[in-house]
Amino acid sequence: MHPPKPHRLKMPLNRLATPTTIMSRPRFAAFNLRLFLPCLALTLLCQTSAIYTKDLMHHRLKHHADDLLSTQHVSRLRSANGTNYQDFEMNASSSSAMWSGAKISTFTRLEQEAEEHSKQEQFLSSQNHYHHHRHHHQRHQETNQHAPSQPTTSRKTKSGLLIESNLDLDAEHTGEAAAASSIDAFGGEMDLLQTSSTAPRHHERKRNRQNQRKQRNGRLHGGNGGGSGGPGSSGVTSNNGQRQKLQRNALRLLNRDSDSQTAPNVGGLFPQLFNVATRASITVNATCGQSGREEYCKLVDAYPHKKWATQCGICNAHSSDVTKHRPIESVISHNNMHDQWWQSPTLQYGRHYEYVTITMDLKQIYQIFYVMLTSANSPRPASWILEKSLDGVNFQPWQYFGRSDADCRQRYDLPGQNGKYLFKNDTEVICTTQFSKALPMENADLHVSLLKNRPGAMEQTQDIMDFITARYIRFRLQGMHSTANLDNSVYWQLDANSLEKRSFYSLKQIRVSARLNCHGHAEKTRELAEKPKGQMEFSNLESTLQCECVHNTCGPDCSQCCPLYQDKPFRNGTTREANECEICQCNSHAESCFYDPFLRRGICQDCQNNTTGNECEQCLPGFYRPVGSLSTDACLPCECSTKGSQGLCQAEGGQCICNEGFQGRYCEECAQGYYGEDCRKCECDSRGTVADTECSGLCMCKYNVEGETCARCRDGFYDLSGDNVDGCSPCWCSGLQATCSSAKLSTLAFETLNDWKVTDITLSQMAIPTLDTDTNSLSYSMFDLSDVEAIYWLAPQGYLGNRLTSYGSRLSIHVNWVTIRGDTSGKPTAGPHVILLGKNGMKIAYGDEEFTRGSSAVINITLEENQWYHVPAQVQDIKTRMRRTDYHGTEVTRSHFMSVLTSLEAILIRAAFHTDQVETNLERVIMFSGGTELGGVATTRVEQCACPPGYTGLSCESCDFGYIRTYENSSDHHQVGRCKPCPCNGHSNSCDLQSGNCGNCMHNTYGERCERCKRGFYGNPLQGTANDCRPCACPLLVASNNFSPSCQLKTYSIMDINPVYGVVENAEYICTQCPPGYTGDHCEMCDDGYYGNPTEIGNSCRPCDCDGGPCDVFTGKCIICEGNTEGWHCERCKMGFWGDPSVGCEPCACFEEGSDSAVCDSTDGQCLCKPRYAGQKCDECDEGYALLDQQCIPCGCDEFGSIDAHSCDPENGQCYCKPGVQGLKCNECSEGYFGLKEESNGCTGEFKEIFFIF
């Protein structure tokens, strides 16, 4: 035989075969690839990953190592169009292989020969690599012989999902048809490569395998009957175009796989998909042969336009021949030794066998991506439902399947959709007609992708993940093609009985491609021998799968963050985001934490090393860290004295927190004011005790202090202070010898730039400064008062008046000045900084230094008598040549200072500081009261005196009400004020002591001595209190209910009981001018003929509206109504009366026999008449009735003889007759008349009759 022509295997370098594709092909074609594996091992060493290379070498060297050394190889490499391609020419004596379908550049013959020699050397060097891999493979094969192996392959779907296949690829078990099996990935089929061989040795092996398959099919036939009853045995063949299409699909998948290996993974991690059906248990409610021997036939001979022979078989579950068994377990078994399948009973045993339910328990909860069915010796089910469940009880539909749109609508009330339908949402359930055809008659595949064309498929949203999550899968088969009478059905060529024998379901394989739900945080799983406790889904399992969690997640399914990685809430990994769990900041002191949604961070748990806090950053009470330590350092126990502390210390540095009376780092010594081993508190008050005698046992008080512990000021002294040598300051109280204490004040401050003026020391000249808006200060040029050297700022009224609350506080002054530029002989001047002028005529000043540096000053002055001095009255100006003793008078005493603060009349602020000064500027002047700083501690220097009668104020500086101040001269530069009472009975604050006349009388009094109450007030003004004259309440004080303008005091005082109101009143005054309608001492009641409640605000007394009759004093309801009237105001007639209520009402007087009631209309007196009666009183007969005494009988007039048959005389009943008619009822003709009939107008006369005769 001639050797076969060599075939060229071409493929791009970046898309070289990997275990994903090579190991997925059936074994029958594997030997054809042995010729190029040495070259592949060498050339792929730098192109493929380590694991792919290892898997490739192990798989191929295991079977074809012996044939490699005798084979000659030639390899050729070329780079074209930016893509590297590798061409292999494999020459062998017995076989050759070809792989095509990739994009290959066209080589000319000359190009091939030119490159052949250079590439041959590279190929020969690959043999050295082969020997190394062969030795490694032999050791690996020996190891695998001791343990059962299940070949697996990994593939990726179009969406990048890893698929792990655990199908047995052995040719003895799978057969040649496995080469054409496909897996649906998002609807796109991932077809496995088919290989073909032209070598005789290959054909010989192929024939051997076909013979073996025929032998197996013969066993399925049962040995008798006409033909095969098992699945079709014809191999899957295709032309070159179909094979190239399959190869192109595979290469595109390899390219995506290569890209995914090189692209960085920034999203979540997901386990590989694998067939979970092999781990499941499966049940069905009907199986062929369960009750004994059953005969069936294939449906192939019933299909029109096809001429197939009848093929029948036997199924019997009780037969010793296992090939006649049809167990449901065979559809999920990966070790089907007898090529079994499941089959349902035919419809000849009952029409109910068209409804069969298959239930799978996957034993664990998975995320199901694909469900794949392969029929055996019957067509695919025509109508069925795919359902899911988590508990095996409550099932929900995943998808409906129907023959046609009509079948979907009739069975499931849903329109039929094809395979290209785009889902509206991730959980929509449809009815698909994609697999609606009856062909192929056997070995048909049915692929269900649960993610295909759904909006969230690529993102793997939470909704779609929940939708595909299940443990139980149920197949509810509800219709066969052989029973269809709808659209898309087949017109079968057999009668009904024969067709029923051919009507059954069969399944050869069920695959469920799924993965564990690892929440996007694991790409690997592992088998667990022990089941997780407390999880019901693992019941009855020998082993379970568990995720190998990453991203710092924990749990069997990575559904929670690990104990120390809870700084953010747990989130599922997505295709875009890994969402890793982040470690809590516990400073290495904790092993777990929890997420606090309020703080949005992790909180450490069970802090160790004596730490606490959200991050274990703090020390527990009783522990500390040395200064400079890190937060990761452990906390040390506090080293504190047991006597001086509770064992606690500061967390940083370890300074012990001492008990009262102790101090020191370790609280080992007594604090100041404490003594003894136990550091007892010294009994003496240190503020009032002589220095160094506080703890002597016997308190030695300062001069103005008293008490056993020297804690109380002596009478006439106040403000106990340790800074005071005498302990307490004497009370001033305006020289009245009163006791005092420290006033309780709040710190306030006052400042303004409004209404300031410029003047001299005598206030004889005035000038107005200007406001500089740029600097926000007052400015004055020194030219207006050029003849005056001592220029001062004059404070406005806001700083003046009673300023006793500023005693001990601060006066802050901010000023600056401008001098003439140039070298002059000028010099700084001296003078008082502040001059205070009191109402008592005293002028005191503070400060007199020169400012030699700069041209601005901030002067802070304490408002106390220290360093203040008197300014003599004769000083008119302070000249530069004047000596300080000229204006610096005697020292100011506390009494002087307090008397000035009592009533400040002027404050002068220094404005002149230099002899060459041309301008002065005032920035701020702040006067504090109650303290020295806003928000600071209030001062205790202000006294609160207990003033004698006639005096008031903090220091008794003011006269009380009813007293007038008089001044007396004194020998110490000021006048002394005295408060004397006015002879005004305490009702005036001013008076003329010489004439005795009072000024403005107050307290509702008037008179020369305010001895009378004003009009509208009553009382005794001579009692001398503010409440002597009280307003008249007649009866209330409010104007709307005070009805008397005057009242007077009674000559007696009694307690009167008001019988109307039931209250006790003080009747010491009488309202003298109550208006009409009011009565009582206070106009508190309504008089007779009036009603109301004067004691109610807004109410008054109003006249009774009872036509002169009395009414209720409070409500105004009339008490007596005359003239047969009634009502609140006698405004209506009584029942049975009518008329005008204001005049009087008369009885109705209805005729008893003619009226229904004795009551009539109250306005017109009309009675309610019975039938046949009329008139106001119902004492007349109605029209058509007469004879009242006979109860108004009907008139009964003759209709031919009366003018009106319904009218008669009501008195006697006489009807009104026509001419010539007579009688009570007008029913007879008068004498001489005749012919009373319907058409006549009464009776006819005699003369007329005679005329008629003639």
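Take the sequence shown: its letter number 962 is residue 962 in full-length UniProt numbering, and every next letter is one higher.
Glycine included, each C-beta is placed from N, C-alpha and C at the ideal position.
This one's a predicted model, so the numbers in the text were calculated from it and none came from an experiment.
If alanine 743 sits next to alanine 912, beta carbons under 8 Å apart, how far is it from one beta carbon to the other, in whole angstroms?
In fact, because the Cβ distance is near 37 Å, the residues do not count as touching under 8 Å.
Rounded straight-line distance, which links the Cα of glycine 936 to that of glutamate 577
57 Å
Which residue marks the beginning of the beta strand (DSSP E) containing cysteine 408, and which one marks its end?
Unbroken run through cysteine 408 is the alpha helix (DSSP H), 405–412; no beta strand (DSSP E).
At least 3 beta-carbon pairs within less than 8 Å: the stretch 396–411 vs the stretch 419–431
yes
For lysine 324, the three-state DSSP class (helix, strand or coil):
helix
Separation of leucine 386 from proline 563, as counted between CA atoms
40 Å
Considering just the uninterrupted stretch of the beta strand (DSSP E) at methionine 927, what are its terminal residues?
917–929 is the extent of the beta strand (DSSP E) around methionine 927.
Write down the C-beta distance between leucine 1236 and phenylalanine 1200 rounded to the nearest angstrom, noting that I regard them as a contact closer than 8 Å.
6 Å
At 4 residues or longer, and completely inside the stretch 739–768: list those alpha helix (DSSP H) runs for me, N to C.
none
Does the stretch 814–821 come within contact of the stretch 729–747, defined as at least 3 CB pairs closer than 8 Å?
Not touching, per the Cβ criterion.
Could you tell me the boundaries of the alpha helix (DSSP H) in which serine 1202 lies?
From DSSP, serine 1202 is part of no alpha helix (DSSP H); its letter is neither H nor E.
Thinking just about the alpha-carbon of each residue, which of Val976, Tyr1173, Gly1139 and Ser1142 is nearest to the one in residue 1276?
With the chain covering 1 to 1254 only, the question about residue 1276 has no answer from this structure.
Cutting at 8 Å between CB atoms, please list the residues of its own chain near leucine 1096, excluding the five before and the five after it.
As written in the sequence, residue 1096 is glutamate, which differs from the leucine given in the question. Correct list, in chain order: Asn1041.
Any idea what DSSP makes of residue 1263, helix, strand or coil?
Given a span of 1 to 1254 for the chain in the structure shown, any question on residue 1263 remains unanswerable.
Identify, in the order they occur along the chain, each residue of the same chain with its Cβ nearer than 7 Å to the Cβ of glutamate 706, setting aside the five sequence neighbours on each side.
Arg712 and Arg714
Nearest candidate by alpha-carbon position, reference histidine 318, set Asp1105, Arg1030, Leu763 and Pro327:
Pro327
Would you kindly check if the distance between the Cβ of cysteine 1101 and the Cβ of threonine 1072 is under 7 Å?
no
If you draw a straight line from the C-alpha of glycine 1165 to the C-alpha of serine 1207, how long is it?
27 Å
Which class does lysine 1170 belong to by DSSP, given the choice of helix, strand or coil?
coil
Locate the beta strand (DSSP E) running through asparagine 816, then write down its first and last residues.
810–819
Taking the straight line between their C-alpha atoms, what separation do you get for aspartate 1189 and cysteine 1133?
32 Å
With asparagine 1000 and cysteine 1029 assumed to form a contact (beta carbons below 8 Å), what rounded beta-carbon distance in angstroms separates them?
Contact flag wrong, Cβ pair sits at about 15 Å.
Considering only their Cβ atoms, is the gap separating cysteine 670 from cysteine 682 smaller than 7 Å?
No.
Please tell me whether glycine 1116 and tyrosine 1078 are closer than 7 Å, where the distance is taken between their beta carbons.
no
Using three-state DSSP, classify cysteine 733 as helix, strand or coil.
If DSSP states are grouped into helix, strand and coil, cysteine 733 belongs with the helices.
As assigned by DSSP and simplified to three states, the class of threonine 1115
coil
What is the DSSP secondary structure of glutamine 364, reduced to helix, strand or coil?
strand
Starting from the C-beta of glycine 392, find all residues in its chain whose C-beta is less than 6 Å away, skip the five residues before and the five after it, and write them out in chain order.
Tyr472
In the DSSP assignment, find the unbroken alpha helix (DSSP H) run with histidine 870 in it and report its ends.
Histidine 870 -> not in any alpha helix (DSSP H); beta strand (DSSP E) instead, spanning 868–870.
Once the 5 residues before and after glutamate 1180 are set aside, which same chain residues still bring their CB inside 6 Å of it?
Its chain contains Ala1174 as the residues whose beta carbon lies nearer than 6 Å to that of glutamate 1180, once the 5 sequence neighbours on both sides are disregarded; these appear in chain order.
CA-to-CA distance, aspartate 1107 to glycine 1139, given in whole angstroms:
16 Å
Terminal residues of the alpha helix (DSSP H) in which serine 436 lies:
Note, serine 436: premise wrong, no alpha helix (DSSP H); not H, not E.
Beta-carbon gap between alanine 280 and arginine 511 smaller than 7 Å:
no
Only counting the same chain, and skipping five residues up and downstream in sequence, which positions put a Cβ closer than 7 Å to that of proline 1194?
Gly1184 and Tyr1185
Tell me whether arginine 965 is buried or exposed, calling it buried when 16 or more other Cβ atoms sit within 10 Å of its Cβ.
exposed
Under three-state DSSP, which class holds histidine 318?
coil
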